[in-house]
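Just so you know, this note's numbering puts 176 at position 135 of the sequence shown, and the rest follows in order with no gaps.
All C-beta atoms in this analysis are idealised placements derived from N, C-alpha and C, irrespective of residue type, glycine included.
Read through the structure below, which is laid out as structure tokens, and then see the notes.
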Amino acid sequence: MKIGIGNDHSAVEMKNQIRKHLESKGYEVVNYGTDSTESSNYPVYGEAVANAVVSGEVDLGVLICGTGVGISLAANKVNGIRACVCSEPYSARLSREHNNSNIIAFGARVIGIEMAKMIVDEWLSAEYQGGRHQARVDMITEIENRQKNK
Ligand code: RB5
42 MKIGIGNDHS AVEMKNQIRK HLESKGYEVV NYGTDSTESS NYPVYGEAVA
92 NAVVSGEVDL GVLICGTGVG ISLAANKVNG IRACVCSEPY SARLSREHNN
142 SNIIAFGARV IGIEMAKMIV DEWLSAEYQG GRHQARVDMI TEIENRQKNK
């Protein structure tokens, strides 16, 4: 499985550690983030990973900025993206099982590296359950479609 990873200047170190962690588990990781700690703009990286996910260039995405908020907001502007900011593994798992999240986001200034690894592991081991959740996920897609027609 191919994972796209993106980050701004606040999360270079965490990105590198998460990348290493994922590679050690056999995932292929494509880096769309910055490798510089010079100030940069999180929407650039959020959009890059989001586009890679919807185009199928990668299967899933991981986004990290200071809080995970800005970079996930940017990603969620791309049609087909369901990016969820999670600071603990329970929400991460449920975001996949119920919401069919295709990007997980978190904040390098909010959580530590061990929590970040746990979140990513829990998220990647979870599977979308479909069933009763599908109608609600479809309703989110319908919101996107209504926006396109405005
Ligand atoms: C950058 O200083 C910071 O604003 C950014 O990383 C992120 O936390 C925004 O949501």
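What residues in its chain sit with their C-beta under 6 Å from that of Gly111, if we drop five residues either side in the sequence?
Excluding sequence neighbours, Gly111 sits near Tyr83.
Run the CB neighbour count on Thr75, radius 10 Å, all protein chains shown included, and call it buried at 16 or more, exposed below.
Residue environment: Thr75 is assigned as buried (16 or more neighbouring CB atoms within 10 Å of its CB, all protein chains considered).
Can you tell me the Cα-Cα spacing of His174 and Asn140, whole angstroms?
If I take the Cα positions, the gap works out to 7 Å.
Does the beta carbon of Gly111 fall short of 7 Å from some heavy atom of ligand 1?
Gly111: yes, Cβ under 7 Å from ligand 1.
Do you know offhand how far Ile59's Cα is from Gly102's?
So the alpha carbons of these two residues sit roughly 12 Å apart.
Tyr83 CB to nearest heavy atom of ligand 1 below 7 Å:
Yes, since a heavy atom of ligand 1 falls inside the 7 Å radius drawn around the Cβ of Tyr83.
Could you spell out where the alpha helix (DSSP H) holding Val53 opens and where it closes?
Counting along the chain, the unbroken alpha helix (DSSP H) around Val53 starts and ends at 53-65.
Please work out which residues of its chain come closer than 8 Å, Cβ to Cβ, to Glu79, disregarding the five sequence neighbours upstream and downstream, and give them in chain order.
Hits under 8 Å: His50.
So which of Lys56, Gln170, Thr182, Lys43 has the shortest CA-CA distance to Arg150?
Closest by C-alpha distance to Arg150, out of Lys56, Gln170, Thr182, Lys43, is Lys56.
Excluding sequence positions up to five away, which residues of its chain have a Cβ less than 7 Å from the Cβ of Gly36?
Missing from the structure shown is residue 36; the chain here goes from 42 to 191 and no further.
Nearest neighbour of Trp164, chosen from Ser132, Ala176, Glu54, Ile105 [CA to CA]:
The option with the nearest alpha carbon to Trp164 is Ser132.
Can you tell which of Glu183, Gly171, Val161, Asn143 has the C-alpha that lies nearest to the C-alpha of Glu64?
Cα-wise, what sits closest to Glu64 is Val161.
Over the uninterrupted alpha helix (DSSP H) stretch that includes Asn92, give me the two end residues.
Residue range 83-96 is occupied by the alpha helix (DSSP H) that includes Asn92.
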